[in-house]
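Working notes for the structure below.
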Amino acid sequence: MSDMIEIGTAKANPGTISEGNIIVEKLAGGGDISMPVTIINGKKSGPCFWINGGIHGDEPEGILTCSLLKKVINPDQLSGSIVLVPVMNVPAMEAAERGNPLDTFSYDMNRIYPGKKDGYLSERIAHVHKEWMVKFADMEISIHSGGSHSYLAEAMFAAKDDATQELARAMGEDWKVCLYSNITSKSPMAIMSENGKPALTVELGGRSSTAPGAFLNVGNKLLKACINILTHYKMIDGTPHYPSVRYKGYQQALLAPKSGIFLPNPDVKFLSMMKKNDHIATIISYQGAELCRLLAPENGMFFGLRALPNVTIGDWCCFYAIIEGEW
Ligand SMILES: [Zn+2]
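Residue numbers for the sequence shown follow my numbering, beginning at 6 and rising by one.
Below, the structure written as structure tokens:
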């Protein structure tokens, strides 16, 4: 038998699901700054798998994933527990912005962990979330996407240690790119790593993938990965699957060398090996003249591409994975 789990206002006995909120602070109008939390507490004991979404308010893919997962997990058949925080940064999600509009100084909540008890608003939110997560989670994934400016294909960031790479491999057959990250990223993943627990920053989806079927498709791919993790760690019954190959390397952001209209090369594909100097995209002027080309900086593959054709010099255009080898 497992134990009762209490997080914020949610309280789940073994074999039950409980929903509540982690309350952080009060707003001037009397409302709470809080984040929703769902505990799926299995009847049998086992590890706690913690899923975070919406640390960036223009990335709703975590909400979709958590909603799909909650429908298919029967706590009677679960060993261990699943904690869902579908939106960590609620004011940012309400505003559909990357950061909390009420906070200027710690706007990007994914760069401020472990937060600060008496810090800027987002640091306080991060601090309260971190306290609960580190107390209960045995492993964690944070779900991200390309947000309002781009589309990102299946890729993740993770530490290099064996326990973390086991979790990365447990994402399953669709997840072939795992890039280096470390505690300097100041993300929830970094804090988990610092506490000796496996964690991943997972990327999939974004604005060019929000048509009805396309958005659900992203949710279902992330659901498949979560189910595979639960199967791998024997929290539910089933046969896990794994990628045939896993690439390692590091990310490089490619920025616009000119202002104009961004035209991806129609012959290139996400997550396909390219050679240094291969053509990724062209930027044209409003009168159609080719201004410059965006080229592969090294051998590797791109996993993120600008979704908005309008581009200004210095704008983000591409996440490129420089591939160093296989795990
Ligand atoms: Zn993000």
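Think of the CB as a built atom: it goes at the ideal place given N, C-alpha and C, for glycine as much as any other residue.
Opening and closing residue of the alpha helix (DSSP H) in which residue i lies
{"i": "T3", "result": "Because the chain here runs from 6 to 332, residue 3 falls outside it and cannot be looked at."}
{"i": "K140", "result": "L126 to F141"}
{"i": "D37", "result": "No alpha helix (DSSP H) contains D37, which is instead part of the beta strand (DSSP E) from D37 to N46."}
{"i": "I234", "result": "P217 to H237"}
{"i": "E178", "result": "It is not in any alpha helix (DSSP H) - E178 carries neither H nor E in the DSSP assignment."}
{"i": "S72", "result": "E66 to V77"}
{"i": "M197", "result": "P193 to E199"}
Local Cβ density within 10 Å of residue i, reported as buried at 16 or more and exposed below that
{"i": "M98", "result": "buried"}
{"i": "N200", "result": "exposed"}
{"i": "M278", "result": "exposed"}
{"i": "Y185", "result": "exposed"}
{"i": "P203", "result": "buried"}
{"i": "E295", "result": "exposed"}
{"i": "A101", "result": "exposed"}
{"i": "Y156", "result": "buried"}
{"i": "P293", "result": "A small fix is needed here, since residue 293 is Gly in this sequence, not Pro. Under this definition G293 is an exposed residue."}
{"i": "T14", "result": "exposed"}
{"i": "F110", "result": "exposed"}
{"i": "A173", "result": "buried"}
{"i": "D8", "result": "exposed"}
{"i": "Y238", "result": "buried"}
{"i": "G35", "result": "exposed"}
Sequence-distant residues of its chain with Cβ nearer than 8 Å to residue i (five each side left out)
{"i": "I12", "result": "G25, I27, V42, I44, V88, W137 and F141"}
{"i": "G319", "result": "L260 and A261"}
{"i": "E30", "result": "D37, I38, L126, R129 and I130"}
{"i": "P314", "result": "I266, F267 and L268"}
{"i": "V273", "result": "M279, D283, H284, I285 and F307"}
{"i": "T189", "result": "A195"}
{"i": "V77", "result": "L228 and I232"}
{"i": "E331", "result": "V250, R251, Y252 and K253"}
{"i": "T244", "result": "T236"}
Cβ neighbours of residue i in the same chain (closer than 6 Å, five flanking residues each side left out)
{"i": "D81", "result": "G20 and K48"}
{"i": "A17", "result": "I10, S23, I44 and N46"}
{"i": "G51", "result": "S84, G85 and M240"}
{"i": "P96", "result": "N105 and L107"}
Per-residue DSSP class, three states only, for residue i
{"i": "N5", "result": "Residue 5 lies beyond the residue range present for the chain, which begins at 6 and ends at 332; the question has no answer from this structure."}
{"i": "A5", "result": "Residue numbering for the chain in the displayed model covers 6 to 332; residue 5 lies beyond these limits and cannot be assessed."}
{"i": "R311", "result": "strand"}
{"i": "E159", "result": "strand"}
{"i": "M114", "result": "helix"}
{"i": "P80", "result": "helix"}
{"i": "E303", "result": "coil"}
{"i": "E11", "result": "strand"}
{"i": "E99", "result": "helix"}
{"i": "S190", "result": "helix"}
{"i": "I87", "result": "strand"}
{"i": "A204", "result": "strand"}
{"i": "G104", "result": "coil"}
{"i": "L259", "result": "strand"}
Among the options, nearest to residue i - alpha-carbon criterion
{"i": "I288", "options": "C322, L276 and G305", "result": "C322"}
{"i": "E171", "options": "N233, S153 and G58", "result": "N233"}
{"i": "M197", "options": "F110, S50, A168 and A216", "result": "A168"}
{"i": "S84", "options": "T236, L74, V95 and P245", "result": "T236"}
{"i": "H154", "options": "A312, F324 and H132", "result": "A312"}
{"i": "I327", "options": "I68, L300 and V316", "result": "L300"}
{"i": "F54", "options": "E303, D143, K191 and N270", "result": "D143"}
{"i": "H149", "options": "K121, M40 and C71", "result": "C71"}
{"i": "V182", "options": "R116, F162 and G120", "result": "F162"}
{"i": "R298", "options": "S264, K121, I68 and L276", "result": "S264"}
{"i": "G152", "options": "L73, I117, F275 and G309", "result": "G309"}
{"i": "M93", "options": "P302, H246, L73 and E66", "result": "E66"}
{"i": "E145", "options": "I68, G58 and A216", "result": "G58"}
{"i": "D242", "options": "G62, N79 and I56", "result": "N79"}
{"i": "T206", "options": "A216, S213, W180 and T215", "result": "W180"}
{"i": "G177", "options": "A158, A230, Q257 and G218", "result": "A230"}
{"i": "K122", "options": "Y238, H134, L69 and N115", "result": "H134"}
{"i": "M114", "options": "E64, S192 and A175", "result": "S192"}
{"i": "Q256", "options": "I68, L73 and E303", "result": "E303"}
{"i": "R103", "options": "F220, H61 and L276", "result": "H61"}
{"i": "I56", "options": "V223, K75, V90 and A158", "result": "V90"}
{"i": "L73", "options": "Y118, M40 and F220", "result": "F220"}
{"i": "S214", "options": "A258, M40, P248 and A158", "result": "A158"}
Residue span of the beta strand (DSSP E) that contains residue i, given as start and end
{"i": "T169", "result": "T169 -> not in any beta strand (DSSP E); alpha helix (DSSP H) instead, spanning D167 to R174."}
{"i": "S213", "result": "Run containing S213: none; DSSP gives neither H nor E here."}
{"i": "W337", "result": "This structure cannot speak to residue 337, because the chain is shown only from 6 to 332."}
{"i": "P52", "result": "K49 to G58"}
{"i": "F267", "result": "G265 to P269"}
7 Å Cβ cutoff, residue i in contact with chain C
{"i": "A312", "result": "Here chain C cannot be found, since the structure has a single protein chain."}
Closer than 7 Å to ligand 2: residues, by C-beta to nearest heavy atom, in chain order: You won't find ligand 2 in this model; what it holds is ligand 1.
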